[in-house]
Structures are given as structure tokens and as C-alpha cells.
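Chemist:
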Amino acid sequence: MMANDDVKWETLFNNVKENDKQKKASGDIGSTKTNKKLSVERIYQKKSQLEHILLRPDTYIGSVQLHTQQMWVIDEDLSTMVQREISYVPGLYKIFDEILVNAADNKQRDPKMNTIKIDIDSENNRIKIWNNGKGIPVVEHKTEKMYVPTMIFGHLLTSSNYDDSEKKVTGGRNGYGAKLCNIFSTKFVVETSCQEYKRAFKQTWTGNMLNASEPVITESRADDFTAITFCPDLPKFQLESLDKDHVALFCRRAFDIAASTRGVKVMLNGKRVPVKNFKDYVDLYIKDKVDDAGQPLKVIYESVSDRWEIAVTISDSGFQQASFVNSIATTKGGRHIDHVSDPLVNKIIEVVKKKNKGGLNIKPFQIKSHMWLFVNCLIENPTFDSQTKENMTLQPKSFGSKCQPSEKFITAVSKCGVVESVMSWMKFKEQAQLQKKCHSSKHSKLKGIPKLDDANWAGTKNSSHCTLILTEGDSAKSLAVAGLGIVGRDCYGVFPLKGKVLNVREATHKQIMENAEINNLIKILGLQFKEKYEDIEKLRTLRYGKIMIMTDQDNDGSHIKGLIINFIHHFWPNLLKHNVVEEFITPIVKVTKNKVEKAFYSIPEFEEWQRGTQNWHTWKIKYYKGLGTSTAKEAKEYFSDMERHRIPFKYEGPEDDASINLAFSKKKIDERKEWLTNWMEEKRRRLEMGLPELYLYGKGVNQISFNEFINRELILFSFTDNNRSIPSLVDGLKPGQRKVIFTCFKRNDKKEVKVAQLAGSVAELSAYHHGEASLMSTIINLAQNFVGSNNINLLLPIGQFGTRLHGGKDAASPRYIFTLLSSVGKRIFHSDDLPLLKNLYDDNQKIEPEYYVPIIPMILVNGTDGIGTGWSTKIPNYDPREIITNIRRMLSGNDPLNMVPWFKNFKGTIEELSENKYLVSGEISVLDETTVEITELPIRTWTQNYKEEVLEPMLHGSEKNPSVIIDYKEYHTDTSVRFVVKMSGEKLANAEASGLHKFFKLQTTFSTNSMVLFDQNGCIRKYDKVEQIMREFFDLRLDYYKRRKDYMEGMFKSESLKFDNIARFIMEKIDGLVKIENVSKKDLIQLLVRRGYDSDPIKAWRESQSKNKEKDESSDDEEKEETTGPDFNYILGLPLWCLTKEKKEEYIRQREAKADELERLRRKRPEDIYRNDLDVLLTELDQFEEQVREDEKVDIIKTQKTSKGRVKQKKITLEETLPSPVGRRIQPVIDHATKVKAEKEVASKKRQQIRKEMKEEIGDENSQEPKSLIERLGELKP
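Using the UniProt record's numbering, the letters of the sequence shown correspond one by one to residues 1 to 1278.
(1) In the structure shown, what three-state DSSP assignment does residue 1339 receive?
(2) When you compare only the Cα positions, how much space is there between W308 and K279?
(3) From this set, Y1047, K620, Y878 and F237, which residue's C-alpha is nearest Q1105's C-alpha?
(4) Quick check on F428: buried or exposed, where buried means 16 or more other Cβ atoms within 10 Å of its Cβ?
(5) Taking C-alpha atoms, which residue in V591, I549 and L527 lies nearest to K500?
(6) Which of the three DSSP states is assigned to A322 in this structure?
(7) Assign E912 to one of three DSSP states: helix, strand, or coil.
(8) Between the alpha carbons of N211 and G333, how many angstroms are there, rounded?
(9) DSSP three-state label for R505, please.
(10) Taking P692 as the reference, give the member of I710, M426 and F606 with the closest Cα.
(11) May I have the straight-line CA-CA distance separating L714 from F571, to the nearest angstrom?
(12) Distance, Cα to Cα, L840 vs S761?
(13) How far does the alpha helix (DSSP H) with H645 in it extend, from its first residue to its last?
(14) Below 8 Å CB to CB, which residues in the same chain sit around A1063 once its five sequence neighbours on both sides are set aside?
(15) Compute the Euclidean distance between the alpha carbons of L775 and I1169, then round it to the nearest angstrom.
(16) In angstroms with no decimal places, state the Cα-to-Cα distance between I127 and V247.
(17) Measure the C-alpha to C-alpha separation of K1109 and R1102 and round it to an integer number of angstroms.
(18) Look up M392 in the DSSP assignment and give the residues it is bridged to.
(19) Taking V325 as the reference, which of F319, I965, T313 and H339 has the closest Cα?
(20) When you compare each of D879, L452, I726 and V981 to N791 by their alpha carbons, which one comes out closest?
(21) Taking Cβ positions, are F801 and K754 nearer each other than 7 Å?
(22) Return the CA-CA distance between S914 and Y1023, expressed in angstroms with no decimal places.
(23) Should R1090 be labelled buried (16 or more other beta-carbon atoms within 10 Å of its own) or exposed?
(24) Who are the Cβ neighbours of residue 1281 in its own chain at under 7 Å, not counting the five residues just before and after it?
(25) Going by alpha carbons, who is nearest to residue 1300 out of K650, V740 and K987?
(26) Using CA atoms only, rank isn't needed, just tell me which of R978, E912, A1155 and K666 is closest to E1055.
(27) So what's C231 in DSSP terms, helix, strand or just coil?
(28) In the DSSP output, which residue or residues are listed as bridge partners for W72?
(29) Which of the three DSSP states, helix, strand or coil, is assigned to F1000?
(30) Could you check if Y533 is buried or exposed, using at least 16 other CB atoms within 10 Å of its CB as the buried criterion?
(31) Please list the terminal residues of the continuous alpha helix (DSSP H) segment that includes I839.
(32) Which residues mark the beginning and the end of the alpha helix (DSSP H) in which F584 is found?
(33) Anyone know if the C-beta pair for V787 and F906 falls short of 7 Å?
(34) State whether the region 842 to 849 contacts the region 862 to 869, with contact taken as three or more CB pairs (one from each stretch) at a distance under 8 Å.
(35) Do you know how far the Cα of Q69 is from the Cα of R84?
(36) Closest to V926 by C-alpha separation, out of F979, F903 and G473, would be which residue?
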């Protein structure tokens, strides 16, 4: 111990300073030649450790210079943490903190400790830190021959933390700590009381630990405690006093200790610090802080374990953290921060990617910059990058514990505002990227935009007078350019659109950035993403003042208009308010008679004219399906009458915004369903009442609102889109499929026909207006018969129509494959029903019926899936024989039995998991201890996909998933599956224990919760059970059998009467009672009428039964001769051969046969006819499937020559493609997780149903009737 007062410390530093003084006095600074050479002893010196600490303090306690920086400190009223600029000396802060952390460490040694007192006397430059933990042993150290308190506070490199094998969660480690505080203090007093040794200890050091008083040992009378009082050596820190900044920093550390040391109350200058736990401490930081929406910040806190406490909130100043390791304030963070933040960041990235699919590729550090993280942890033997202990460097594997927050906490973090903040930032970045696509100023000339015909004044001072015409395709552009010959090119530009514009409201950032159409429109119009265009001055910065949309007058054209309106509304809604958008309409139908011409701009308007015009069929009718139908002459006529053809869109308020959102926002799915359902019901109601459909473009219309456009015109596209995508319950067909079946019946081919050729016939006979590729794909799908496709293929697949190897995508070119309507298809769609069907008309052409009425519900036989507007549908296949059995039960008055989905030739199993949910399992067997055999895959898991996505990764492995199988071999064919897989015995045993079906991904699930179909009235309905579909189909089908019977009775009567008339005519002609030679047509008809002959009975019957009067297919009706009066062509058109005796007798036999047939039909009930048709269908189906099986069993004969030259034939056996007879079949097991998930879904569905019923009850109790969707959107104009 150094206690001599006369010791003088001489250092090299002192010598250098003295030399500098002498040089200054003599004026010899810089003159080194005259300096006496220093001795080796003076150059190379040895210092004691105490000397070194005083000489180089920054190595031990950090800088002793005054630093100015932003730091968190407690405010003056001790109620809030504030971040402000303070000036402090890191070394002084460090020595204070060492004593404070030592006091907190005592809590780990003595769990009973509950108080720390901190007194800061800035006026007298004195600080005291007291704790009531276990006192320091007041006993003499036998080795060092001094008291323990003297040793640990007055001698360097002494500590109780040197045993690294002992896992401690304290802050001290290296043996400097409190000694540094002693060295940099003018006075340092240690007091402790130890009940274990019944002694109290007090000792004082002065002069930077150079002078030590003798320790004072007394009898311990108080409880255990330790108190350190010190007076910092302020001159060494270049300070004169403890200023406010230092005091504020020291006070903050008092709050830190209160937060990080559980179960300890902290007294600061005699008052308790108002922090009882870590959560209270976090609240000090976020007090009075709000998010972007003005709401208080939401803190998510969790005490993960006794060693980890964490809290998260949103940060608006980059990543922020406040953390403690064993009560040490790690202001620079460290690996403990990464350990907590990384899992949270990864979870938030998942959430953000789900919410913003296709957006910016967000990185972890960008997520982190929106987080404010608070961590309080205890870590075993922590390490730091310096003695200042601001950055913790210990590897996580050595922490001694893991921070594993609950799923509830992680989910709550993703909902606390961080995700919204990240999304907002991403939107800002995306906006900035989009802005780069825009020109910074208005350009009169644009480069790099193909097919743009720019207006001459576009981008000039007259640009506000310019109109950009957006056309649907190049042919429409030609029409517009022809019309510009009338209005001129100065004010009008033309740009053709390539199909439909992107729905930007639901598009990803990447899609918008890469969409050439959108980017071209922005450049052509001169739009800026940063502008809102709220006033006229901003509008003048655009290259065009108006946008005119010129599309076909069909539903797809309406959709293009809507997408452009949606594009403008989403990014620049104020442009719609300034009425920038217009449309150019052209006729969809023109009628002419003599020199009179009428144009109609919507089909309902044309149909209304038809109903109000007698002899309308005498007019020449021309349909304009597209703008390309109009001639250049007509284009000039259109542009000459701009007042009629140019229709501005007028913004009428929030109802317009609501309508546009309704039509295009993904968030409005339920509202869109309600919108379409209401429209379909209104349409049906008007039809039943004989009211005309509502239409937009009447003669007096010179402008329309966006609300009217959405609810009167765009809704037609939405309905058509659903009609294309969702089949009818009645025949199970979508319109394209129905057109194919109609064409097959019309052609009545006896021989096979090429698919490409059939597609051409469909387009011709059924007015198919879409691409041929789509049509040929429809034909191929109707003929496919592999597992997972059709249970009954209505067309025959003659050629390669695709297999289960690729899910049908391996079909040959339509030019090389043939098809034909199958015999089963003819039995399902009975020819006797065809006269009862209601046929549609297109371009005055009779096309396919509204729906066919098959004898069994084909929607259940072959299933369906499709996505429309607001609805999607998915229905699995069912066994046709089981369906027929249920129909027979219903014919007998019984209820149908429950049916489970069934797929033809599928060898696996389908089990019911819960209501409307099913588990599909493939087939797998164990051949031996290391081999398994897969002989069936789940439905619609195609063989090639399974190999590439399941078996290949299992074989080759990856960084995350090691290889689990050794090899596999393939023995499958186009119709069967067989994989033989080799793996180690241990892995096979483990896989079997966990479930081989699960291990090899041989189980999938599907539900019947989306059975959406068009009903017989053309309205979309959702069906909850298959039995509902069966019952509705059965009732309609039975009604059609009644109609068929009535119709057939009338037909048999008519045919019998026809034969009777013909036979009587022949006999009367032979007898000379009727003379037809050299008689005028008029006299001959009058003769037949007088003699009681009937006008064509069959024709009369058909006309009386027809609900749809067949429209005249002639293009020039005015030249057609009108036929009135009785029709005797069936008699007078007979050949002379009919006058023979044999022919007369044949007609008599035919008449009697028809009479007998009529009598047999009258004796039958409709149910009997139905049963007979089912029997015939079942017989035909059995024969058809037997023929298919026979074709598959054809022996393959291989011809080869023997050694003697003889020809030998040998059958090729394909036993290797068959399942092994020795395999041990693995019974599919329903996984526990799958069961739980299914149960949760059922429970969730029940809760939703209860909520719905409660809402309905509340709605019934409410006296005021709620407004409908249409009322909420704004009343439509009549």
C-alpha cells in the first residue's frame, strides 16, 4: 500500500513537458541539432500499472475529453426520457457506472437485496451509492495479508469474477471496475457491514488511490450493506464541477438500474425512482409519443423468462434500442439485440410480403429501421468489445439461455404498427421509383413510344385543348385515324392499347413498374405521381387536356373503359373530378329499310325497338361486333357527329368513388357479390314483368356519371365474366363447352373430326367470338379421360389428348388429333329434349340453348373449377353410378344418400375429415426394410410434378433439408403410377413411425365450401351441400320429363295425322276424287281445304309449342316471300312413286305404328320414362367403359426370328408396371395436425354462422330498414 506523502512520481510525460518549457524560454524550439541526445534510460521507461492508468486513461475508462452528442436522459421532473444534445466526459460516466453496476451485481449474489440508494451532491462533488445486499466479508485475506474490502477496492486486478468455469450473470469481470473509480477520485470511501463475520468496515483513499487510511473495524450493529462514497477528480476530466448534463445522465442510470434489476427499489437523492419494472421504464420513452395517425404508440411487452424481458414498438427515427446486459447499459447494442430482433424481423418480412406481394424486395435492415427494441437480459459471463462495455460481443450459443418469445407476442408485434410503417415506407419508395418513370417537364415530342400518333399541339401551350384517343387495338386506331380526317390532327392524338389495361389497384409495384402500357400512358399524358392536380393550373402541365376512350361496344370494351377509369382514379382521382375522361361510342346494331337508317348503341335499346316495331324482320339488320366492322366512310360519319358520339364522364360525388372501388378493389369482394346478385335478381324481375332492360346510351344522353357507367354498363362485363367462368347447375357446362356440344349435335358426325376443324365449326355455327386456342383447349378438356380429369368424357379422345404424367398439358397439337361426340354423351343429352330447350341468338343467328338438360347432373359427374368476378367455384367429381342410384331413390320418393367424391380409376382413398372437407391419400407399400413402393398419387398431383417437386429434393437434399432417400426408380405408364424408392433402414423406420403418407407428401385435402353455380333462372347461387344440387337438378329434370311427354304425345299425334292425310290423299287420287293436273296452286289448296285435309300437322304442332319464335336467318328479309295460309307441301311434294299400292300400304302401317307408340307413351308416367333413360345410359356406360378396358388390355406382340430363320411371336409382359404382390400396404392415417385444423375450420364456420344469425336478428328488431347496396352507392337515374 502506498501511503508515503513525500513520494513524487516522475514520468516521461513530465520530462517532455519540462523540456518544452525550457525550449520556449530559450527560443530553441525546432532546433534539434543543439539538443543533447537523450539517454536510453530516459527513452525507455517502465511504469507501474497505476501510473499507466493515470497516463493513458482512455485505455481503461474511455475518453477524458468533453464529448457532445445526442443521448437519452431523464428530464428535470423525472417523468420522461428525452433525447437531447448533452456534453459529458465518457470516463467520468464510466467510473460512476462501475460502482452502480457493482451494486446491482450484489442482487445476483443476494436475492434478498431489495434497495439501492443513490445520492448525487453536485455542489460538493460527492456521490454515494448504497445497497442492502450481503456485505463484503470483513476478514483478513490469508494470502494477501489484508482485509478483503481493502484488497478489492484498493488494489488493481482483484475480483471475485475470475473463475470462468463458474457461470455468473454479473457485470464485473476483469478486476478493474471500482478501482478505476478510486484512482480517478480525490476521495474514495468504502463502508460495509457483514453479519456473517459480525463486523463493520470503513476505509478511505485519497489522492487517486495513492493514499490510504487505516481500515476502521467495528462490531456490526446494522444489517448487511455496502456503501461507496467518492469525489471524482474533476480536473482530470477537465471539469470544474458536476454540471446538469452529467447529473441528468447519472440520474438516467438510476432509472436504468430500477428497470433492469428485478425486485430492487432504487432511491435517488432520497426519493424513490418511479419505475417498478421494465415495462414502466419503457413507458418513459414513449410517453406522449404518437404514430403517423396521431394515436399513442403501442408497446408490445413480454417477460419471456426470468432472464429475458423484451418490448417492441414503432420507431420513426431508424432502428432504436435500449438494452441491458446484467444491468450494464449496452448503448451500442450487440449480439443480444440481434438474437432478439432477427426472428421478429423475419416474421415481419413474411407478413409484409403477404400484404404486398410483388412489391419492393424488402431487406431485414429496412424492417429493423422501423423498430424500437427494448431488452433486459441476464447473460452468463458476458464479453464486451472494450472496458466501456457499450457493445456486447458474446456468441449467442454461450448466453446460457435463449430468448424465445411466444407466438402471441410475435403476432402482436406484427400488429403494433411496425408493419403499417414498413408498408407506408415501401409505398413511398415505390412512389419515388414510379416518379422516375415520369418526365420532369412537359415535352412536345416523345420518343420510344411505338404506334403513337401524337397531336401536333400536345405538350405545347395549347395542350389543354388536346384530346388523346385510346383505342382497343390497331384496327380501332385505323378507324380513329380515318375520323381525324374530319376533326384534324392538331388537337387529337391516337394511341392503340394492347388488350386490357392492368388493374393497378390490385397490381404489385413490380407489375406497375414493368407494365409498358401503363408507363407509356403516363409519358403520353405527361402525368406526375407527385402531383394531385387539384387546380386548373396543374392540369395545364399535362400534355393532353382530355382522354377519350374508344373501344368496342361489347362487354370486353366496357371492361377496358373501366380499367382506364380505375387507373386514373387510383393514382390521380382529382382528374376525374375535373371531367378529364370521356368515351367515344359507336353503334352496335344498325337497321336499314329503303333509305331509312337507325343506329343502336346497346343491345337492350335494339331489343326495345324490336318489340315496338311491327314487321321489324323486314328491316336489314347489321351487327357491329367490333370497331373493325365499321368502314372508313362510317368513321368519318361518326366524327362528323361528335355531339352524339362523344360522351363525357361527369363526376357527381362520393358515390362515384364508391362505385369504382366496388368494381375494382379486392377488399370489396362481399359487396361485389351483393351488387351482382341484386342486379341479376332485378334483371329476372324485369324479364318476368315484361319490362325492358335498362340501358345507357339513349338518344337524349349527352353525358353519364361514373356511378351510372359502373352500375349499368360495367356490370354487364362482370356478369359475362362469371358466365364464362362458372357453369350452370343444369348441364354442368360453361358457355364455351356448351357451344362445342351444340356444334357436335348440329354436325351429327358419324366419323371422327380433327379438333382444329371442329373448333372452326364451333366458331361458325355458335358465334364463338374469342380466340381459337382457348376453344381448342376446351374441346381437348371435354375429351380427356385420365385420372383426375373427367369421370365421363363427352367427346372421344382419338389421339394424344394428354395424360396424368403432365395433367393434360402434354396433349398433341389440335391439328393432329381427332374427336367425336361419344355414345354416352348422346344418351346423357337426349335428343328428345332438344325441342324443349330455349335457344339463344347472336347476330340474328340461332345458336346453343341457354342450357341443356342432361338426364344426370353432369356438374357432379365431372366437377368444375373457375374464378369469376366476386365468385369462384370448385366442385369435385362424383361417381355417376352412385348418382344414378340416388336419382332412382328420389324417383321412389326417398331422400338421396350422402356421397363422397369419386374419381374414375383412382386407386387411393378419399375420406371425410369434417363437414364438406375431405382427405385424399395416395397408395404406398413397404417392400422390404429399405424399399417402399408408391402406386398412386393424390388427385391432381401429376406424376412428373411429383417427381420434380418431392422425390428429387428428397434425393439430392439442400442446405436446409438433407437427403433422405438413396435412390428411386420409375415404372409408371401414361395411366398408372409406380415409384420404387430406396432409403436407409433407420430412415424408413422413422418415416413409418411418423407416417409414410405424410413423409412422402401423399395426402392432400379439398373442401366443398365453394360450390357456386348458375341456377335454372340464370342467377348465381352458393350451395352448401351436394344434396341441394341433386334435389334442384332432379326437380327440374322431372319437370322436363313431363314437358317431354306432353311434347312427344303431340308429335306422335301430329305424325299419325300426317300419315293419315297422306294415305287418304293417295287413295282419293287413285279413285279420282282429287285432281291436281293443270290446276292452279290457289285452287288446289282450296280443294284440299274443302276435302278436310290438315295443314302440315307436325309444323303446326311445333309452332304452337315453340316459346321462341325462330328468327329469320335471311340477311334480306324484305325479298323473302311471306307464307300465309295452310301448308300442304308435305302432300303436294310427294314423289310419283308414292302413288303405288306398296307406298300406300306403308303409310297406313306407319300411321298405325305411330298410334300404337302414342298409346304406349300415354300409359307411361314421366318417372317411368326417366327410369328407362337411366337404364339405357347405364347399359351404354358399361359397354363404353368395357370397350376402353379392352383397348387398354390389347396384348403387345413382338415378332422375332429364331436361329433357324423361323418367325416367332412373343407377348410382351409389363409386370414391372404393376404393383408388387408382396408389398405391405400402408393404411392412410389422418395426421393429428390435419384433424385439429379441420376442427378449427368447422368451429370457425359455426361462429361465423352464429354471428350472421345474430346480425339478422338485430336487423329484424331494428325498426328502420337498412339501406341496400344500391342506395348506399347512390340512386341510379332511370
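Where a beta carbon is used, it is the ideal one built from N, C-alpha and C, also for glycine.
Modeler: Walking through what the data contain:
(1) Outside the modelled stretch of the chain, which goes from 1 to 1278, sits residue 1339, for which no answer is possible.
(2) Looking up residue 308 in the sequence shown gives position 308. Looking up residue 279 in the sequence shown gives position 279. So the alpha carbons of these two residues sit roughly 13 Å apart.
(3) Start at 1 with the first residue of the sequence shown, and residue 1105 comes out as number 1105. The residue with the shortest Cα to Cα distance from Q1105 is Y1047.
(4) Taking the first residue of the sequence shown as 1, we reach residue 428 at position 428. F428 should be labelled exposed.
(5) Mapped onto the sequence shown, residue 500 falls at position 500. Looking at the Cα atoms, I549 is the closest of the given residues.
(6) Reading the sequence shown from its first residue, position 322 is the one you call residue 322. It is a strand residue.
(7) Translated into the one-based positions of the sequence shown, residue 912 becomes position 912. Residue state, collapsed to three classes: strand.
(8) On the sequence shown, position 211 is the one that residue 211 refers to. On the sequence shown, position 333 is the one that residue 333 refers to. The C-alpha of N211 lies about 38 Å from the C-alpha of G333.
(9) The residue you call residue 505 lines up with position 505 of the sequence shown. In the structure shown, the three-state DSSP call for R505 is coil.
(10) As a position in the sequence shown, residue 692 is number 692, starting the count at 1. When only C-alpha atoms are compared, the closest one is F606.
(11) In the sequence shown, the residue the question calls residue 714 occupies position 714. In the sequence shown, the residue the question calls residue 571 occupies position 571. Each residue's alpha carbon lies about 20 Å from the other.
(12) Within the sequence shown, numbered from 1, the residue matching residue 840 stands at position 840. Within the sequence shown, numbered from 1, the residue matching residue 761 stands at position 761. The alpha-carbon separation between L840 and S761 amounts to approximately 17 Å.
(13) By 1-based counting over the sequence shown, the position of residue 645 is 645. Note, H645: alpha helix (DSSP H), M642 to H645.
(14) Residue 1063 sits at position 1063 when you count from the first residue of the sequence shown. The answer, listed in chain order, is K1144, Y1147, I1148 and R1151.
(15) For the purposes of this step, residue 775 is identified with residue 775 of the sequence shown, where counting begins at 1. For the purposes of this step, residue 1169 is identified with residue 1169 of the sequence shown, where counting begins at 1. Going by the C-alpha atoms only, they are around 35 Å apart.
(16) As a first step, residue 127 is located in the sequence shown; it is residue number 127 there, counting from the start. As a first step, residue 247 is located in the sequence shown; it is residue number 247 there, counting from the start. Cα-Cα distance, rounded: 10 Å.
(17) Counting from one through the sequence shown, the residue named residue 1109 turns up at place 1109. Counting from one through the sequence shown, the residue named residue 1102 turns up at place 1102. Because the pLDDT at K1109 is just 42, under 50, the model does not fix this residue reliably, and the point stays unresolved.
(18) As a position in the sequence shown, residue 392 is number 392, starting the count at 1. For M392, DSSP records a beta bridge to G334 and F384.
(19) In the sequence shown, counting from the first residue as 1, residue 325 sits at position 325. Selected option, being the one with the closest Cα: H339.
(20) The residue labelled residue 791 in the question sits at position 791 within the sequence shown. Nearest C-alpha to N791: D879.
(21) Here residue 801 is taken as the residue at index 801 of the sequence shown, counted from 1. Here residue 754 is taken as the residue at index 754 of the sequence shown, counted from 1. K754 sits away from F801, with the two beta carbons spaced by 7 Å or more.
(22) For the purposes of this step, residue 914 is taken as residue 914 along the sequence shown, with counting starting at 1. For the purposes of this step, residue 1023 is taken as residue 1023 along the sequence shown, with counting starting at 1. In a straight line, the C-alpha of S914 is about 17 Å away from that of Y1023.
(23) On the sequence shown, residue 1090 is found 1090 positions in, with the first residue counted as 1. R1090 should be labelled exposed.
(24) For residue 1281 there is no data in the structure shown, the boundaries of the chain being 1 and 1278.
(25) The question about residue 1300 has no answer here: the residues shown for the chain are numbered 1 through 1278.
(26) Here the question's residue 1055 lines up with position 1055 in the sequence shown. It is A1155 whose Cα lies nearest to the Cα of E1055.
(27) If you number the sequence shown from 1, residue 231 lands on position 231. In the structure shown, C231 sits in a strand (DSSP, three-state: E or B).
(28) Numbered from 1 along the sequence shown, position 72 holds the residue referred to as residue 72. W72 has Q83 as its beta-bridge partners, per DSSP.
(29) Along the sequence shown, one-based indexing puts residue 1000 at 1000. F1000 carries a coil assignment under DSSP once its states are collapsed to helix, strand and coil.
(30) Taking the sequence shown and counting its residues from 1, the one referred to as residue 533 is at position 533. Per the 10 Å Cβ criterion, buried.
(31) In the sequence shown, the residue the question calls residue 839 occupies position 839. Reading off the sequence, residue 839 comes out as Asn, not Ile. No alpha helix (DSSP H) contains N839, which is instead part of the beta strand (DSSP E) from N839 to D842.
(32) For the purposes of this step, residue 584 is identified with residue 584 of the sequence shown, where counting begins at 1. Looking at the DSSP string, F584 is not in any alpha helix (DSSP H); the run it does join, the beta strand (DSSP E), is V581 to F584.
(33) Translated into positions along the sequence shown, residue 787 becomes position 787. Translated into positions along the sequence shown, residue 906 becomes position 906. Taking 7 Å as the Cβ cut-off, V787 and F906 qualify as a contacting pair.
(34) Segment contact: the region 842 to 849 against the region 862 to 869, fewer than three CB-CB distances shorter than 8 Å; contact not assigned.
(35) Taking the first residue of the sequence shown as position 1, residue 84 is located at position 84. Taking the first residue of the sequence shown as position 1, residue 69 is located at position 69. The alpha-carbon atoms of R84 and Q69 are separated by roughly 8 Å.
(36) Your numbering for residue 926 matches position 926 in the sequence shown. Just measuring C-alpha positions, the residue of F979, F903 and G473 sitting nearest V926 is F979.
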